[in-house]
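Read top to bottom, the protein sequences are chains H and Y. Reading the first sequence from the start, the letters are residues 1 to 359 in the numbering used here. Reading the second sequence from the start, the letters are residues 1001 to 1359 in the numbering used here. Worksheet for the structure shown next.
There are 2 protein chains.
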Amino acid sequence: MLSYLEIQLMPVETIAWTGEAVRIIDQTVLPCQVRYLEITDLKTLWEAIKTLRVRGAPAIGIAAAFGCYLGIRDSKAQDFETFRAELAGVCEYLGSARPTAVNLFWALRRIQDLAERMRDHPVEMIKHEILDEALNMIEEDHRVCRSIGRFGAELLHDGMSILTHCNAGGLATAGYGTALAPVFFAGEQGKHIHVYAGETRPLLQGARLTTWECREAGIPVTLISDNMAATVMAQGKVQAVFVGTDRTAANGDVANKVGTLGLAILAREFHIPFYVAAPLSSIDMAIESGAEIPIEQRNPDEVTHSFGRRIAPEGINVYNPAFDVTPHRYVTALITERGIVGPPLGENLQKLFAQIKAK
Amino acid sequence: MLSYLEIQLMPVETIAWTGEAVRIIDQTVLPCQVRYLEITDLKTLWEAIKTLRVRGAPAIGIAAAFGCYLGIRDSKAQDFETFRAELAGVCEYLGSARPTAVNLFWALRRIQDLAERMRDHPVEMIKHEILDEALNMIEEDHRVCRSIGRFGAELLHDGMSILTHCNAGGLATAGYGTALAPVFFAGEQGKHIHVYAGETRPLLQGARLTTWECREAGIPVTLISDNMAATVMAQGKVQAVFVGTDRTAANGDVANKVGTLGLAILAREFHIPFYVAAPLSSIDMAIESGAEIPIEQRNPDEVTHSFGRRIAPEGINVYNPAFDVTPHRYVTALITERGIVGPPLGENLQKLFAQIKAK
């Protein structure tokens, strides 16, 4: 079975710092090509986030933190006010890449708060600390993923099959994933877990990334079209659903890749638990409910074309929301790095964040 | 708006007899190419059904009837016993092309019953009658589609949006469709109906065929990925779901393109009526429930490849059932050519078939 060491040695490192550049695996060409990109400028990094070369809420947050550094490392600012204004511009630009994942804004806020705390220090020192903060985020993400894995693995028993959607594995984080982390952790414990991966139209993150990642990790994986989820559940083939989240509201409403809402409703219908792996960085206590989460609308070409080939006629309308919102009543529990949060989600999230603040 | 004449003049004729050959539009290359095939032999016709060049339960039934004729027209049989055995072999072969759609078996049984009734006539005359019966089926199908359209249109009002899955339009029949017939008919009545088309992975009959057919008919159509259905419903964008069926059991359980079950469950969750357009030829009163319907498993390549391009890694498992079964409790009503059948579906189907038999 998979050992932690093997996971560390997995042939993919989603995001890293080379000393000069942000190095990412280009997720738009997986699994047909394993191509790494070294990004040295802000605009290219923005494009990489926008086009999903780097994707997954936690990984986007880390990429954005490095983006802050790329955006200000050549700044000529001599005083903090000028530097702060430049950083604010960089953050605004990065924030425009993708509106739904809160980790992006969480990371930008964190970098800006750091700069603010260091306002009395020389600009060059602040730049250095920003890079350090981005590197810290990678380390933190590793710990968060492992912790989610440990808590989530308690929900899995040997021989179980789970269904997941999109990719909330190592490729979505700097560590070994959120929704897939419990599967990897259970594997370390000697449990045999089987994964059904929904292909996740239109961009096929499930077909391209989750299957690839499971295969590389030695986890048995079966690919299905998204619309086969109901029949897989009806036939008793899966015993739990595990998904990630791009932003979870204070009441427990979950924004995640489009298709998640349907899975949650089906899971309830078939009495299958529906778990959301949610790093605290993806929980937005500033918004009351999912109704306040902005949903990114993406290019119609993603639906009408597949790998450059046209699959639908011209002259039709297309609706292409990247995410949907699952009301908290469908969520069995959130799996955070501080433990499993069950219903009532709103109340229990309040308590959890109050505890963290009190420490 | 669309007139009946315009529908007749639509640039597509799904299936026709040229005098020598079965002429079909090749649905595997739509909408990028509009290519017609003239088929003169049994094996090519079998391949056309198997590979979905001709598809949709009613159209498959008609194709199979012509297939019977192609299979026996050059028979050298002089006596009925020999001819009957040859015809039985042809029917068995055609029946192996696709196991789920009952129309295929219904059509084969009808041709064999016709031959049986004519057993005292010369073989050449029986051959001629078989061709006539296939031609009759085209005419009947036109009437059935129009009738389903007329009844179904009563469920539609001006300004309504409906969601459909796969293609149960004119391309699935010889006429103007089953699930889409009410939309076309409502159009004739001056009602403006908007169609949301689920793309229908893996073979994209919704993206390729339903959108094309609606566009050609002047019906506004919006394409979505299958996994966007829940969010479209949650946002109140659709007021009804209309789908076809490949086989409906005596208790009202509906086998249809995979993904239908999920839509039915979501529709109930969002209090949206779920209608199944079911020609009587697709209702199999010989089986009690959907559990008895054989579900065709198709080639994994349909999921791992899209238009010849690989979209998933090698070395993974794939599950690719072509159909799923929707329990009757999720079905608001069946729309047949004899009227709308509401719950309890089992009881009301019994009554309907008893009435028909009594006539």
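Note that beta-carbon positions come from the ideal geometry of N, C-alpha and C, so glycine has one too.
Within the continuous beta strand (DSSP E) that includes residue i, where are the two ends?
i         : result
TYR275/H  : 274–277
ARG247/H  : 247–249
ARG1023/Y : 1022–1025
GLU38/H   : 36–39
LEU1334/Y : 1333–1336
ALA240/H  : 240–243
ALA1016/Y : 1015–1017
ILE1311/Y : No beta strand (DSSP E) contains ILE1311/Y, which DSSP labels as neither H nor E.
Pull up the CB-CB distance for residue i and residue j, whole angstroms please, since I reckon it's below 8 Å.
i         : j         : result
GLY1056/Y : ALA1168/Y : 7 Å
LEU135/H  : ALA115/H  : In fact, because the Cβ distance is near 16 Å, the residues do not count as touching under 8 Å.
ILE1130/Y : ILE1111/Y : 6 Å
MET233/H  : ILE193/H  : Their Cβ separation, rounded to whole angstroms, is 17 Å, which puts MET233/H and ILE193/H out of contact at 8 Å.
ILE39/H   : LEU45/H   : 5 Å
THR14/H   : LEU171/H  : 5 Å
PHE1323/Y : ASP1246/Y : 6 Å
ALA1065/Y : VAL1054/Y : So it is not a contact: roughly 12 Å between Cβ atoms.
TYR330/H  : PHE274/H  : 6 Å
My output table needs one value for residue i: the three-state DSSP class, helix, strand or coil.
i         : result
TYR1196/Y : strand
GLN1297/Y : strand
LYS1257/Y : strand
GLU154/H  : coil
SER147/H  : helix
PRO182/H  : helix
THR1426/Y : No answer is possible for residue 1426/Y: the residues shown for chain Y start at 1001 and end at 1359.
THR1222/Y : strand
HIS164/H  : First, the residue type needs correcting, since residue 164/H is Thr and not His in the sequence shown. In this structure, THR164/H counts as strand in the three-state DSSP scheme.
GLY159/H  : coil
VAL232/H  : helix
VAL1123/Y : helix
GLY342/H  : coil
ILE283/H  : strand
VAL90/H   : helix
ASP1324/Y : strand
VAL1303/Y : helix
TYR1004/Y : With a pLDDT of only 35 at TYR1004/Y, under the threshold of 50, the placement of this residue in the model should not be trusted; the figure read from the coordinates follows. Reduced to three states, the DSSP call for TYR1004/Y is helix.
State the start and end residues of the unbroken alpha helix (DSSP H) segment that holds residue i.
i         : result
LEU1266/Y : 1260–1269
THR1211/Y : 1211–1217
ASP1113/Y : 1102–1117
ILE1356/Y : 1345–1358
THR1393/Y : This structure cannot settle anything about residue 1393/Y, because the visible part of chain Y is limited to 1001 through 1359.
PRO1058/Y : 1057–1072
Mind checking whether the beta-carbon of residue i lies closer than 6 Å to any heavy atom of the ligand ZN?
i       : result
THR18/H : Because no ligand of any kind appears in the structure shown, any question about the ligand ZN cannot be addressed here.
Residues within the segment 263–297 of chain H neighbouring chain Y, beta-carbon criterion of under 7 Å:
Within the segment 263–297 of chain H, the residues whose Cβ lies closer than 7 Å to some Cβ of chain Y are ILE265, LEU266, GLU269, listed in chain order.
Determine, using beta-carbon pairs with one atom in the segment 291–309 of chain H and one in the segment 264–274 of chain H, whether at least three such pairs fall under 8 Å.
Judged by Cβ distances under 8 Å, the segment 291–309 of chain H makes no contact with the segment 264–274 of chain H, as fewer than three pairs qualify.
Please name the residues in the segment 221–234 of chain H whose beta-carbon is closer than 8 Å to at least one beta-carbon of chain Y, in chain order.
Going along the segment 221–234 of chain H in chain order, one finds VAL221, THR222, LEU223, ILE224, SER225, ASP226, ASN227, MET228, ALA229, ALA230, THR231, VAL232, ALA234 with a Cβ nearer than 8 Å to chain Y.
Contacting positions in the segment 172–186 of chain H - beta carbon closer than 7 Å to chain Y
Those residues of the segment 172–186 of chain H that come within reach of chain Y (Cβ to Cβ, closer than 7 Å) do not exist; the list is empty.
Tell me which residues of the segment 1306–1324 of chain Y have at least one Cβ-Cβ distance to chain H shorter than 9 Å, keeping chain order.
Interface annotation for the segment 1306–1324 of chain Y against chain H: SER1306, PHE1307, GLY1308, ARG1309, ARG1310, ILE1311, ALA1312, PRO1313, GLU1314, GLY1315, ILE1316, ASN1317, VAL1318, TYR1319, ASN1320, PRO1321, PHE1323, ASP1324, criterion Cβ-Cβ distance under 9 Å.
Check each residue of the segment 1199–1211 of chain Y: if its Cβ is closer than 8 Å to any Cβ of chain H, include it; give the result in chain order.
For the segment 1199–1211 of chain Y, residues whose beta-carbon sits nearer than 8 Å to a beta-carbon of chain H comprise GLU1199, THR1200, ARG1201, PRO1202, LEU1204, ALA1207, ARG1208, THR1211.
Within the chosen definition, does the segment 137–157 of chain H reach the segment 224–232 of chain H through at least 3 CB pairs nearer than 8 Å?
Taking 8 Å as the limit for Cβ pairs, the verdict is that the segment 224–232 of chain H does not touch the segment 137–157 of chain H.
Should the segment 270–278 of chain H be regarded as contacting the segment 243–262 of chain H, the criterion being three or more beta carbon pairs within less than 8 Å?
Short answer: they touch.
Selection of the segment 1156–1168 of chain Y by Cβ proximity to chain H, strictly under 7 Å:
Taking 7 Å as the Cβ-Cβ cut-off against chain H, none of the residues of the segment 1156–1168 of chain Y qualify.
Evaluate contact between the segment 212–219 of chain H and the segment 285–295 of chain H, counting only Cβ atoms and requiring at least three cross-stretch pairs below 8 Å.
The segment 212–219 of chain H, when compared against the segment 285–295 of chain H, does not touch it at the 8 Å Cβ threshold.
Given 8 Å as the limit, is there contact between the segment 1117–1128 of chain Y and the segment 1308–1318 of chain Y, that is, 3 or more CB pairs closer than that?
Three or more beta-carbon pairs separated by less than 8 Å are not found between the segment 1117–1128 of chain Y and the segment 1308–1318 of chain Y, which leaves the two stretches without contact.
Meets three-Cβ-pair contact criterion under 8 Å: the segment 1101–1110 of chain Y and the segment 1138–1147 of chain Y
Touching, no, given that fewer than three Cβ pairs across the two stretches are closer than 8 Å.
Residues in the segment 15–45 of chain H having any Cβ partner in chain Y nearer than 9 Å:
Answer set for the segment 15–45 of chain H: LEU30, PRO31, CYS32.
Of all the residues that make up the segment 50–67 of chain H, which are near chain C by a beta-carbon distance shorter than 8 Å?
Any reference to chain C falls outside this structure, whose protein chains are H and Y.
Listed from N- to C-terminal order along the chain, which residues in the segment 82–102 of chain H have their beta-carbon within a distance smaller than 7 Å of any beta-carbon of chain Y?
Hits within the stretch: zero.
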